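Undergrad:
Residue numbers (this note's numbering): 9 to 259.
1) For the alpha helix (DSSP H) that residue 169 lies in, which residues bound it at each end?
2) Can you give me the C-alpha to C-alpha distance between residue 109 and residue 103, rounded to a whole angstrom?
3) Whose C-alpha, out of 231, 87, 91, 99, is nearest the C-alpha of residue 166?
4) Let me check understanding here. Comparing Cα to Cα, which of 53, 174, 159, 124 lies closest to residue 241?
5) Taking 8 Å as the threshold (C-beta atoms), are residue 64 and residue 225 in contact?
6) Give the C-beta separation of residue 100 and residue 170 to the nearest angstrom, bearing in mind that I take them to be a contact with Cβ-Cβ under 8 Å.
7) Could you have a look at residue 48 and say whether DSSP puts it in helix, strand or coil?
8) Using 10 angstroms around the beta-carbon of residue 233, count the other beta-carbons present and answer buried if the total reaches 16, otherwise exposed.
9) Ends of the alpha helix (DSSP H) at residue 217?
10) Please name the residue in 105, 162, 148 whose C-alpha comes closest to that of residue 133.
11) Around the C-beta of residue 48, are 16 or more other C-beta atoms found within 10 angstroms, so that it is buried, or is it exposed?
12) By Cβ distance below 6 Å, which residues in the same chain neighbour residue 128 in space, the five residues on each side in sequence not counted?
13) Starting from residue 90, trace the alpha helix (DSSP H) both ways and give me its first and last residue.
14) Pull up the distance between the alpha-carbon of residue 107 and that of residue 220, whole angstroms please.
15) Under DSSP, the alpha helix (DSSP H) around residue 141 begins and ends at which residues?
16) Excluding the five sequence neighbours on either side, which residues of its own chain have a C-beta within less than 8 Å of the C-beta of residue 145, listed in chain order?
17) From residue 81 to residue 200, what distance separates their C-alpha atoms?
18) Just checking my contact of residue 113 with residue 126 at CB under 8 Å: how many whole Å lie between their CB atoms?
19) Among residues of its own chain, excluding the 5 on either side of residue 173, which ones have a beta-carbon nearer than 6 Å to its beta-carbon?
20) Is there contact between the region 149-161 and the region 83-101, where contact requires at least three CB pairs shorter than 8 Å?
21) Whose C-alpha, out of 179, 214, 54, 215, is nearest the C-alpha of residue 120?
22) With H, G and I counted as helix, E and B as strand and the rest as coil, what does DSSP make of residue 190?
23) Please tell me whether residue 68 and residue 142 are closer than 8 Å, where the distance is taken between their beta carbons.
24) Are the beta-carbon atoms of residue 98 and residue 215 separated by less than 8 Å?
25) Rank 176, 203, 229, 223 by C-alpha distance to the C-alpha of residue 115 and give the top, closest one.
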């Protein structure tokens, strides 16, 4: 009967409205998750780098051969080495030697805006170096043999050059991103610093003194350290007003 049909229709759920509300909730949840990631992007970087580092460390401790090392050896050592390229790679590698880093630190201390930038950079370097030495002493991975173009001593994992490069130049990236007001100049400086970091790591593989996993592990561990340092230690050493109120800082 007509009455039964009407009663049946009354109990049919409004599917279209329900789906619309579900889509709205999904979009809202996705936007909230996106905001959460953006608000905690440094934490996300730290989690990803920790995961990668622990994965590499597990294989290193088990003395397992890694496809990453084999691929990097084939690409960089067997196919990229050229007589004209070797001096360039040596120059990039030398950017992370103790003498060069000390000279660069003195320049940063002398010319960076604010009196505490040099102090902050120096403490970061010392602690990152200590962390590297502790990890090398624990892991004790031998360096690659048979295809070196440079002399190197000590253990291999994680790469000290890679860790120091990421700690030093990476902290400069953080300073520039945080305090440089000119967008174009900020972008150019950050890109240049990132290229230097990457090339220092590649140069260590090219010169045959590190496996690719040493370099990647060094980068990851140093990035985790930088997240901790910039979130916990740096704010105790330097305040925004220490830089922004300095006459030499960019307006």
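The C-beta atom is built at its ideal place from N, Cα and C for all residues, glycine as well.
All of these numbers come straight from a predicted model, not from anything done at the bench.
TA: According to the data block:
1) 168-187
2) Roughly 7 Å separates the two Cα atoms.
3) Of 231, 87, 91, 99, the residue nearest in Cα terms is 231.
4) 124
5) yes
6) With a Cβ gap of about 12 Å, residue 100 and residue 170 do not count as contacting.
7) If DSSP states are grouped into helix, strand and coil, residue 48 belongs with coil.
8) buried
9) Where residue 217 is concerned, there is no enclosing alpha helix (DSSP H), given that its DSSP letter is neither H nor E.
10) 105
11) Here residue 48 is exposed, its C-beta having fewer than 16 other C-beta atoms within 10 Å.
12) 242, 245, 246
13) In the DSSP annotation of this structure, residue 90 is not part of any alpha helix (DSSP H), being labelled neither H nor E.
14) Residue 107 and residue 220: Cα-Cα distance of roughly 24 Å.
15) 125-147
16) 163
17) 26 Å
18) At roughly 7 Å, the Cβ-Cβ gap stays under 8 Å, so residue 113 and residue 126 are in contact.
19) 104, 205, 208
20) With a cut-off of 8 Å on Cβ pairs, the region 149-161 is in contact with the region 83-101, counting three or more such pairs.
21) 179
22) Under the three-state reduction of DSSP, residue 190 is assigned to coil, being neither helix nor strand.
23) no
24) yes
25) Of the listed residues, the one whose Cα sits closest to residue 115 is 176.
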